[in-house]
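A quick write-up on the structure given underneath.
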Amino acid sequence: MLIDSHAHLDSERYTGDREAMLSRAWAAGVGAVLSIGIGEGPAEMHQALGLCRQFNGQRENGANFPRLYASAGIYPHCTTQADDYVLAKLDALLAEPEVIACGEIGLDYYHEGAPRNVQREGFIRQLEIAAERKRPILIHCRGSNETTDAWKDLFLVLEEHWRSTGLGGIMHCFGAGWEQARRSLDLGFLVSFAGNLTYPKAELLREVAARMPLDGILVETDAPWLAPAPHRGQRNEPAFVAQTAQTLAGLLNLSEAEIASATTENFYRLFNLRPDVGH
Ligand SMILES: [Zn+2]
Numbered sequence: 004m005l006i007d008s009h010a011h012l013d014s015e016r017y018t019g020d021r022e023a024m025l026s027r028a029w030a031a032g033v034g035a036v037l038s039i040g041i042g043e044g045p046a047e048m049h050q051a052l053g054l055c056r057q058f059n060g061q062r063e064n065g066a067n068f069p070r071l072y073a074s075a076g077i078y079p080h081c082t083t084q085a086d087d088y089v090l091a092k093l094d095a096l097l098a099e100p101e102v103i104a105c106g107e108i109g110l111d112y113y114h115e116g117a118p119r120n121v122q123r124e125g126f127i128r129q130l131e132i133a134a135e136r137k138r139p140i141l142i143h144c145r146g147s148n149e150t151t152d153a154w155k156d157l158f159l160v161l162e163e164h165w166r167s168t169g170l171g172g173i174m175h176c177f178g179a180g181w182e183q184a185r186r187s188l189d190l191g192f193l194v195s196f197a198g199n200l201t202y203p204k205a206e207l208l209r210e211v212a213a214r215m216p217l218d219g220i221l222v223e224t225d226a227p228w229l230a231p232a233p234h235r236g237q238r239n240e241p242a243f244v245a246q247t248a249q250t251l252a253g254l255l256n257l258s259e260a261e262i263a264s265a266t267t268e269n270f271y272r273l274f275n276l277r278p279d280v281g282h
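According to the numbering used here, the residues represented by the sequence shown are 4 to 282, in order.
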C-alpha cells in the first residue's frame with residue numbers, strides 16, 4: 004500500500020471525475036491520501052476537510068476509495084490575507100480530527116506573491132496555531148533562481164519557532180540539496196519526493212534521494228501538478244504516485260514493496276495514526 008502524502012484533491016480540475024480519479028488511485032494501490040487544504044486562497048481552506056468527510060463516508064459504505072486525511076493552511080502567496088478572521092478559521096479547522104496537518108505553509112521567494120516579511124510573519128503565526136493544536140506542518144519552500152535564500156530563512160524560523168515543539172513535519176515536494184535534506188531530518192522532518200524526481204534533468208535530486216535513510220522518506224504527487232514520467236505534462240493524480248515510488252526504489256536499491264511499507268510507516272509515525280487503512 005502507498006500513501007500519497009500531498010495532493011490538491013479540491014482542485015477544480017477534478018470537478019468532472021473526482022470519484023473515478025479516487026477509484027483509480029485505489030486500484031493503483033494507494034491506500035490513503037493527504038488532501039491539502041489551501042484552496043485557491045483562505046476562503047477555500049475548508050474544502051479539503053469537506054472532501055475528506057464526503058469520500059470517507061462513501062468509503063465506510065463500501066466504496067473503493069483511499070482513506071482521506073486533510074490539512075489546512077495559508078499558502079505563502081496568500082499570507083497578505085492572514086488576518087485574525089482567517090487565522091481563527093485555520094485554528095478551528097486544525098481542531099477537527101480529520102485535519103492532521105497544518106499546510107502547506109512556508110516561504111516562496113521564487114514567485115514572491117507576497118513580500119518576504121509578510122510571508123515570514125504569516126508563517127510564524129501559523130506555526131503558533133499549529134503548535135497549540137499539536138499538528139505537524141507541511142512545508143513549501145522555494146528559493147529565488149537556484150539559490151538557497153528561502154531555505155536559509157526557513158531554517159532560522161523553524162529553529163526558533165518549531166524545533167522545541169517536537170512535532171516535526173514534511174518537506175513537501177523536496178527539491179533542494181543534501182545539506183537541506185540533512186537539516187530537515189535533524190529537525191524531525193520527513194522528506195517527501197514528488198514526480199520531479201523522475202525528470203531527466205533531476206540528477207542532483209536523485210543523488211540526494213539515493214542518500215536518504217529509509218525512515219526519513221515519503222512520496223507524493225502534488226496533484227494536479229507535476230505529473231511524473233511518463234505522464235509528464237498531463238494532469239497529475241494520486242494513482243501516479245506509484246511512478247515516483249518506483250524511481251525512489253531504484254535509487255535506494257530496494258523493492259517497490261519495501262518503499263511502500265517504509266513510506267507508509269513513516270506517515271503513520273509522524274501523524275500518530277493507527278495503521279487501520281488500506282488494501
Ligand atoms: Zn501543494
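Backbone N, C-alpha and C fix where the C-beta goes; we use that ideal spot for every residue, glycine too.
- Taking the Cα positions, Gly146 is about 13 Å away from Pro118.
- Remark: the shortest separation between the CB of Asp111 and any heavy atom of ligand 1 does not fall under 7 Å.
- Using a cutoff of 7 Å, the CB of Ile39 counts as near ligand 1, since one of the ligand's heavy atoms is closer than that.
- Separation of Leu96 and His80 (C-alpha to C-alpha, rounded to the nearest whole angstrom) is 20 Å.
- Segment contact: the region 84-96 against the region 56-66, fewer than three CB-CB distances shorter than 8 Å; contact not assigned.
- Residue pairing by DSSP places Val102 opposite Ala73 in a beta bridge.
- Val102 and Gly40 have their C-alpha atoms roughly 9 Å apart.
- In the DSSP assignment, Phe192 falls within the beta strand (DSSP E) that extends over Phe192 to Phe196.
- Counting C-beta pairs with one atom in each stretch, the region 243-260 and the region 210-224 have three or more that are closer than 8 Å, which means they touch.
- The three-state reading of DSSP puts Ile39 in coil, since its state is none of H, G, I, E or B.
- In the structure shown, Leu5 adopts extended strand secondary structure according to DSSP, grouped into three states.
- Here DSSP, grouped into helix, strand and coil, assigns Ala226 to strand.
- The three-state reading of DSSP puts Arg145 in strand, counting E and B together.
- Ligand 1 has no heavy atom closer than 7 Å to the beta-carbon of Asp156.
- Distances between the C-beta of Glu107 and the heavy atoms of ligand 1 include at least one below 7 Å.
- Judged by DSSP secondary structure, Gly253 falls within the alpha helix (DSSP H) whose first and last residues are Val244 to Leu254.
- A buried status is given to His175, since no fewer than 16 other beta-carbon atoms sit within 10 Å of its beta-carbon.
- The three-state secondary structure of Glu107, taken from DSSP, is strand.
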